[in-house]
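Chains as they are written, first to last, in our numbering: chain A, 11 to 121; chain B, 144 to 781; chain C, 162 to 327; chain D, 2 to 473; chain E, 2 to 462.
Cβ coordinates follow ideal geometry from the N, Cα and C atoms, glycine included.
It should be emphasised that the depicted structure is a prediction, and the values quoted were computed from it without experimental measurement.
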Amino acid sequence: MPIEYYIFLCLTLFSIGVIGVLTRRNAIIVFMCIELMLNAVNMLLVAFSKMNYASAQALSPTTTAGIDAQIFVFFIMVVAAAEVSIGLAIIVMIYRNTHSIDINFLNRLKN
Amino acid sequence: MKVIIGFIILWPLAGFLFNGLGRNYWSKKVIAYKATGYIVASFIASIFAFLHVQTYGAVTVHYFDFIHTASLTIPFDFKVDALSSLFLLVITGVGSLIHLYSTAYMQEESAPHYARYFAYLNLFIFSMLLLVLGDNYIIMFMGWEGVGLCSYLLIGYWFSNGNYNYAAKKAFIMNRIGDLGFLLAIFWLIAKLGTVSYSEVLTAESLAKLSSADITGITLLLFVGAMGKSAQIPLFTWLPDAMAGPTPVSALIHAATMVTAGIYMITRSNILFSHSEITQNIVAIIGISTALLAATIAIKQNDIKKVLAYSTVSQLGYMFLGLGVGAYSGAVFHVITHAFFKALLFLGAGSVIHAMHHEQDIRKMGGLKSKLPITHITFLIGCIAIAGVPPFSGFFSKDEILAAAFEKNKIYWVLGLVGAAMTAFYMFRLYATTFLGKFRGSNEQEAHLHESPLAMTLPLIVLAILSALGGAIGIPHIMGGHHWLSGQLSSIVSTPHETGLSVPTEWILMGVSVAIAAIALLIALSRYSKQTDEEPSSAIGKFFYHKWYIDELYQKAIIEPLNKFALFLKEFIEKKVIDGAVNGTGKLVQFSARKVRLIQNGQAGYYILFMVLGIITLFLIWFNDISILRFIHTLTQS
Amino acid sequence: MNTLEILFYALSALAIISAVMVLISKNPIHSVLWLILVFFAISGHYILLNAQFLAIVNIIVYAGAIMVLFLFVMMLMNVKKDKEPQKQLWVKLTGVIAGGSFLTLLIALVKQNTSFQGRDVLLKDGSIGLIHPLGQALFTDFVVPFEISSVLFLSAMVGAVIIGKK
Amino acid sequence: MLISFLLIPILTAIVLLFIKKDTLASQTAIAASLATLALAVFASFNKVEAFDMAWLPNLNSRFTLEADGLAKILILLAAISLPAILIASAKNEYKQKNIFISLLLFTQAGLMGVFLAGDALLFYFFWELALIPVYFLCSIWGGEKRIAITFKFFIYTFLGSLFMLIGILFLNAHTAEHSFSIQAFIHANLTGGQKITAFALFFIAFAIKMPIFPLHTWQPDAYEQSPTPVTMVMSAVMVKMGLYGILRWLLPLFPVAFAAHTNVVVLLSVLGILYASFIAIRQDDIKRLIAYSSIAHIGLMNAAIFTVTGMAIQGALIQLFSHGINVLGLWIIADILEQQTGTRSMQQMGGLAKKQPTLAILLVGFALANIAMPLTNAFVGEFLMFNGLFILNPWIAAFAGISIVLAAIYTLNMVQKVAYGEISEKINNMPAPNKAAQAVLIILLIIVFVTGVYPQPLFTLTADTLEKLLAK
Amino acid sequence: MNAIIVSTLLGVIMMFCSWGIKTQKTQHTIALVGLFVLILSNLAQMNGWYAIDFDTKGMLAFTRFGLYVNTLFFIITFIYIWLNGEEIAKFDNQAADFYALFFFILCGASILTSFDNLLMLFIGIEILSIPLYILTGADKKNLFSNEAALKYFLMGSFSTGILLLGITFIYGATGSFHLVEPVLRPSDGLPKEQMILSAGLLLVFAAMNFKVSAAPFHFWTPDVYDGAPTVFTSFMATIVKAAGFIAFITIFNSQSKALGYTWELVLSFVIISTLLVGNIVAVFQRSVKRMLAYSSIAQAGFMLFALYGKSIYANEGIILYAVVYSLATIGVFGVLIKMKENSFEAFNGLAKANPLLAFVTTIFLFSLAGIPLTGGFFAKYYMLNALYAAGAGLWLIIIAILFAAVSVFYYFKLVQAMYFVSGEPTMHEVPKKYTYALLLIAILLLILGVFPSVVFNYLYF
């Protein structure tokens with residue numbers, strides 16, 4: 011499978027995530043869209059990992075080239091989990107105070 | 144000699160400092176004695192200097208270097224030669240008399256002001272001496288500006304009066320315009336020759352270095368300076384106004400000495416002037432025009448001092464005519480005789496004014512002949528002298544100029560003759576209206592009429608004698624004299640004026656001028672011994688009466704536009720344009736601050752949108768090689 | 162077209178369609194569910210790439226833990242079903258255009274890029290995605306970040322405590 | 002030796018912060034400034050060693066103080082002006098006067114530093130240091146519109162000096178060892194275009210500081226709004242910083258670029274001279290009048306320097322000093338008038354000659370110096386400067402010469418309105434003469450006339466600078 | 002390594018303190034002692050003493066520069082905590098938790114000064130950011146604080162996504178997460194095979210710009226700085242930002258020569274827009290806090306100069322700038338904390354009411370504005386020098402200078418309020434000790450204003 015396909019796929023997902031961030035007002039959905047972006051990146055990393063592995067394997071069959079990318083994905087997930095806990099905590103806090111999670115109403119601070 | 148010359152100039156300075164600093168401490172008597180004494184001392188020293196020059200010839204003394212730089216050295220040197228020693232005598236001599244006169248004339252002033260007056264007067268003498276003693280143009284210029292300053296201070300002596308202040312300022316500024324010309328001439332000399340000393344500038348080698356354009360330029364600029372100081376067209380209007388000052392001041396500064404500085408300067412640099420035909424013609428034309436213009440105005444004036452003032456302007460015009468036609472010694476001769484009789488006339492007028500309690504309008508006078516006998520006699524002598532009746536001094540000097548003019552150009556002579564006639568006319572108009580007929584003033588004034596004290600009449604008498612006999616120093620050859628003055632100046636004047644006229648012609652010329660003057664004199668006498676001039680009714684009369692409307696013309700054509708221009712600069716250019724631009728920059732920053740901050744609208748969605756757009760922009764810049772940016776980049780890479 | 166390719170296209174289509182559905186669902190709950198579907202599709206891709214460990218972790222962590230947390234919070238907030246206010250149309254349009262141009266730009270770059278030409282991704286085979294080599298790597302070469310990521314969790318924990326406390 | 006020109010004022014200034022009693026503070030300051038003056042006089046007639054110390058090793062910048070004639074004459078001016086100002090304003094009431102005086106001393110230290118610095122970075126440092134105390138002085142003790150006006154002044158000059166900073170940076174980058182010394186700057190390796198760029202960067206700073214038309218609009222406002230003692234410092238000494246910068250830095254560094262810009266700058270300056278003179282004619286506020294007059298004078302000096310003729314530069318060198326003295330005198334008089342009559346409008350004055358004749362005489366004396374009467378100090382300088390201009394171009398000299406007439410007009414206007422005429426109410430209400438200030442004025446006036454009659458010491462003092470400048 | 006380990010341990014210790022020790026004062030003291038230990042341990046590493054010595058497998062690389070910067074960060078944090086102990090305690094009864102977060106942040110900062118692998122960069126940034134989200138929202142009842150936290154969090158996560166995409170691209174193109182060698186080969190144009198690589202770098206660039214709040218990725222800054230509790234804004238705007246810059250420089254300085262002139266263009270664009278937005282908008286602010294937020298954007302614009310190219314000035318300059326800017330900002334915020342309101346009017350007449358406080362505030366503001374005699378001047382000078390030494394055109398420097406002049410506008414507005422406007426400042430009681438602490442900072446700034454090299458001389462011994 012040519013790498014470009016994976017790149018296109020992941021970029022598409024990433025961009026959908028971006029569009030989601032730009033078009034939705036619900037903070038949670040926005041946050042979910044960001045998670046989508048991260049996942050798109052994850053997939054791309056794995057694809058690159060396998061691409062590198064493929065080229066390295068041709069030279070040495072026991073190579074572990076590309077493993078770093080998969081580890082990286084692992085760390086991204088770790089970070090994402092931590093981020094989610096904080097993010098949701100903040101969203102809940104806001105909800106407790108304003109009973110809304112609409113980011114459009116978050117404009118007390120401006121100019 | 145160094146010491147004597149030093150004394151000449153330092154006595155008046157000492158007087159200035161003494162009177163200026165001690166004005167609150169000395170009594171009027173002390174002040175008067177000191178002030179006069181210093182000038183007399185200076186006069187005595189001047190006599191020594193004069194005699195020294197007569198015996199040993201010209202001397203130059205060096206004191207110190209005023210400016211000494213790599214590229215220019217201006218020594219502080221004094222030079223006493225035939226020309227300056229003559230002027231020294233006139234200045235200190237007439238100066239002493241006028242100081243003496245002033246001690247009585249200014250008696251009404253309180254002591255500090257009295258002292259101030261004498262301080263100014265001493266300072267004036269000092270400046271004037273500086274002017275004539277200097278061995279280079281810079282020192283002359285110092286004196287030149289100094290006398291202008293003193294003139295300013297003395298015209299504005301009664302400083303509470305706004306008009307007087309205005310007159311003083313006008314005098315100073317007009318002088319400054321002339322000074323600018325003088326200064327530029329000095330620059331020109333320095334630029335071309337690198338020196339301003341007479342002994343180096345006025346030599347054949349220097350002349351060789353100057354092109355004819357240079358000479359014309361320099362002489363014209365010098366003449367501009369002379370115009371200002373000696374009240375020639377177009378810078379003459381300050382002089383009549385200068386009569387605001389005390390009358391002795393008018394006599395000393397605005398008749399006898401300062402105003403003749405221009406003649407001194409041109410005579411001093413006559414070598415340059417002789418080499419420029421153009422300048423000479425211009426000098427002559429301006430001189431004769433001024434003479435005529437002032438004479439026409441003088442005919443219609445009713446203020447005793449104004450008449451004399453215009454008469455001075457007119458006589459100065461004559462002197463410039465003389466300079467223009469090359470009769471340098473004639474011009475100097477006229478300066479000297481004029482100093483005598485004009486000082487006399489002014490002092491006489493002062494005596495009249497003193498007696499009349501500061502009434503200056505001749506229509507309110509009349510019949511003073513009997514009340515002020517000494518004043519009357521001396522004034523009459525002055526009038527005769529100025530009218531050019533032989534053998535009084537004015538006749539000789541004026542005639543010398545006219546003869547030279549005739550030789551140069553007949554038109555000058557004719558015009559000069561007309562002027563002479565007018566001079567005789569207005570002087571005797573003045574004399575007749577003032578001294579003859581019946582008294583026309585108030586009874587109160589009549590009751591107080593009195594002859595002036597001795598301190599005032601003594602100078603009058605001395606000056607009257609000088610006016611009468613002063614011509615002796617320049618009796619022309621045809622009358623059997625040997626023209627002492629001309630001989631004196633032969634070392635200064637490069638081309639001593641040897642009249643090329645035949646003896647009969649000269650006699651005829653003399654006769655014509657005397658006849659014309661006599662006729663004018665008689666007409667005036669007969670007309671004005673009984674009556675006075677009323678307000679002029681004819682157009683030309685009004686024109687003369689209003690001084691050709693020249694003041695008004697200057698006001699409308701120069702002063703007002705300049706004032707408006709200044710206001711325009713101040714109110715519009717400065718405030719709106721330049722400061723507007725500066726403040727506008729500040730406002731622009733604030734305005735853009737107001738606008739740009741609106742992008743920060745508080746919406747997280749927008750923020751992220753802008754971030755995405757920002758990324759896109761970065762990509763576009765990076766990958767698409769935006770050519771404008773590349774252009775700017777290459778353009779400014781240094 | 163072999164099986165792998167068919168699977169690739171099918172999973173890709175699923176992922177993209179679900180992702181789009183996340184965007185356009187009015188109901189937030191539906192969005193969450195669609196997103197879980199996306200994650201499943203991505204996990205499918207991981208399996209396709211023989212990244213078994215990540216596929217499992219993805220399901221467990223993302224679809225399992227994280228998304229459930231999302232769902233949980235959403236339930237907690239009792240968000241009304243289709244009451245979510247929408248942004249103005251032009252804002253949405255701008256967002257779509259911006260995202261679209263971002264995508265176009267990157268795709269254009271990838272297309273121009275020559276270094277990827279002819280390089281393939283190894284599907285199905287390759288042992289690096291298995292748990293054994295990954296674990297080996299994680300505790301040898303990547304032990305430093307592994308340890309340090311604990312700090313991340315610690316701070317997240319402290320943070321949650323600070324914010325969660327009344 | 003040289004370092005004490007910085008230390009005395011700075012230490013005194015710090016001490017003053019803790020002296021709360023006004024009279025004691027002012028006496029301390031006067032004593033200190035007189036000590037500085039004594040040092041300055043001594044330095045003027047003796048050879049002084051340069052002071053050199055490592056400062057910023059990483060930047061290759063050294064703490065170098067050195068004094069040639071140019072520096073000495075300005076040090077002397079700064080040293081004269083401060084005691085004069087302090088004595089003349091000793092009676093003035095200011096809140097927290099000790100701090101006021103302290104800031105003045107800081108300014109003096111900054112000025113001294115500017116004149117002595119032999120290292121570009123140090124020069125810039127002091128350049129700003131002289132500005133900051135003035136900012137506070139004007140803003141705290143100034144007139145009604147002080148805040149906005151002073152701020153404009155500050156931003157304007159600060160912006161200008163930032164350009165100079167770029168210039169310094171630029172030159173520094175092109176010197177062999179990244180040095181900041183003047184010598185290294187002179188030998189900087191620049192192309193012609195780069196020289197012009199650097200020239201422009203420096204020139205902007207100096208032009209704003211002087212100021213040259215049309216960058217001058219901060220000045221009249223700032224002078225008007227500042228407390229007069231500060232105006233004196235600004236006008237007598239601070240504006241000289243710009244000219245000093247041109248003589249010390251611009252001319253030696255970029256002789257070619259300098260000569261290439263002669264015509265433009267001279268023309269601009271001459272335009273500015275006339276412009277300022279015309280505006281001065283219409284001023285009623287005595288401080289604004291002096292301000293515009295000062296712009297005209299400074300413009301002349303600038304034009305003279307840019308002619309690059311020995312005579313004109315010589316003239317400018319001594320005029321730096323003379324103008325400082327003259328304008329100081331005028332400002333002291335203006336200050337006395339403002340303090341004693343409560344107004345600056347000349348319309349409301351008049352008759353001073355009757356009320357306080359001594360002051361009126363002094364006013365006339367300084368007015369004469371202001372219009373460069375012969376035998377006053379200003380004549381010597383202006384004469385030489387005009388001469389240089391004439392050698393450059395007679396027409397420009399003639400054009401600039403009009404300002405001689407205009408100067409007479411506005412100065413005499415001032416004299417007439419203030420000293421002469423009927424005695425006005427405000428003048429009539431003036432309290433007893435301020436003897437101390439008058440004594441200062443008399444001393445200054447003596448300096449005016451002595452250096453006007455015998456300027457040779459000033460020529461001797463500046464001879465070495467002139468020689469250096471013309472050696473190029 | 003010492004610093005990372007010790008700061009983590011200290012963070013944990015502080016966590017437990019919040020249960021064990023109830024008095025705020027003790028917690029404060031422990032935190033300060035901890036910081037002292039941290040500084041010592043870091044110095045120890047600089048002198049070659051390691052607690053644990055093991056191979057990081059190319060994850061971290063400890064350079065003298067990085068370690069020295071760490072020391073400075075710790076010292077500044079020490080000053081910060083020393084100054085603000087009381088203020089932090091005011092929030093909650095759990096100051097220890099905040100201290101713990103500070104230590105975690107310092108751990109993140111230490112990683113950012115020593116990372117040698119993009120993975121560590123990512124983790125470091127996250128360790129730095131996550132506590133910040135919390136600190137921003139620490140004032141739980143305050144809607145502004147809440148809003149700021151959410152905004153910061155959302156945008157921060159978004160930028161993390163961008164960062165990751167960039168890293169992925171770089172990995173795709175080079176097959177490695179290491180950043181040892183310049184990844185781009187120098188060339189005139191853009192070779193086709195490096196498109197993705199440069200795209201990756203650009204995305205990383207964008208994400209880093211976000212972290213250091215450079216335009217057009219600065220939007221979070223004003224709102225977050227404004228909304229966050231002032232005491233934390235102070236920390237956020239200083240250490241955190243400086244650490245971000247160090248990371249930024251580490252990534253790009255080795256690359257910049259290879260990146261060519263398009264890189265200069267991109268950087269110029271960012272620098273100019275950052276300076277423009279920061280300076281221009283700050284002019285119109287009515288709240289001092291918000292003004293400072295914008296000004297910190299403007300300062301970031303200056304710090305970006307260090308990215309322009311590798312030179313000795315860039316390294317020395319960024320250290321100096323970071324220190325000076327941090328000290329001055331901590332000082333200004335320290336004064337601001339004592340104000341009851343954030344408006345300019347609150348400062349009216351401060352000079353009269355408390356001359357010393359007004360004086361130190363003036364020093365801080367001067368330093369921020371870059372007036373000579375304060376450290377800010379040399380900081381700016383070094384940055385300009387770095388810019389020019391890296392071959393930037395003079396035009397960029399001139400633009401920077403123009404904006405520096407604009408910055409005087411708003412900093413001096415505060416000076417004017419304090420000195421020239423009469424009024425009563427609306428402020429809390431300021432303890433003498435507190436003022437003296439501020440005075441100490443001011444004196445430090447003055448020393449740096451005359452002898453800036455004291456900061457980085459240590460770099461060479």
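Alpha-carbon to alpha-carbon, residue j and residue i
i: Met113/D; j: Thr72/E; result: 39 Å
i: Met16/E; j: Ile101/A; result: 24 Å
i: Gly335/E; j: Leu166/E; result: 39 Å
i: Ala563/B; j: Gly366/D; result: 43 Å
i: Ile400/E; j: Tyr224/D; result: 30 Å
i: Gly392/E; j: Gly310/E; result: 8 Å
i: Arg289/D; j: Ala281/D; result: 8 Å
i: Met11/A; j: Leu54/A; result: 13 Å
Listed by chain order, chain A residues near residue i by CB distance under 7 Å
i: Glu148/E; result: Leu116, Arg118, Leu119
i: Met235/C; result: Ile38
Contact set between residue i and chain C, taken where Cβ atoms lie within less than 7 Å
i: Ile17/A; result: Val271
Cβ-Cβ separation, residue j to residue i (assumed contact under 8 Å), whole Å
i: Asp117/E; j: Leu61/E; result: 6 Å
Where residue i meets chain E, residues with beta-carbon distance less than 7 Å
i: Thr198/D; result: Leu395
Where residue i meets chain B, residues with beta-carbon distance less than 8 Å
i: Gly256/C; result: Gly748, Leu752
i: Pro373/E; result: Correct list: empty, because the minimum Cβ distance to chain B is about 23 Å.
Beta-carbon neighbours of residue i, restricted to chain E and to distances below 8 Å
i: Ile120/B; result: Since the displayed chain B opens at 144 and closes at 781, residue 120/B lies outside it and no answer follows.
Any non-hydrogen atom of the ligand ATP within 7 Å of residue i CB
i: His206/C; result: The model depicted lacks the ligand ATP and carries no ligand whatsoever.
### Message
For the stretch 352 to 359 of chain D against the stretch 244 to 258 of chain D, do three or more pairs of beta-carbon atoms, one drawn from each stretch, fall closer than 8 Å, so that the two count as touching?
### Response
no
### Message
With a threshold of 8 Å, are at least 3 pairs of Cβ atoms found where one atom belongs to the stretch 223 to 234 of chain B and the other to the stretch 182 to 192 of chain B?
### Response
yes
### Task
Taking a Cβ distance cut-off of 8 Å, strictly less, list which residues of the stretch 414 to 432 of chain E are near chain D, in chain order.
Answer in chain order: Gln417, Tyr420, Phe421, Val422.
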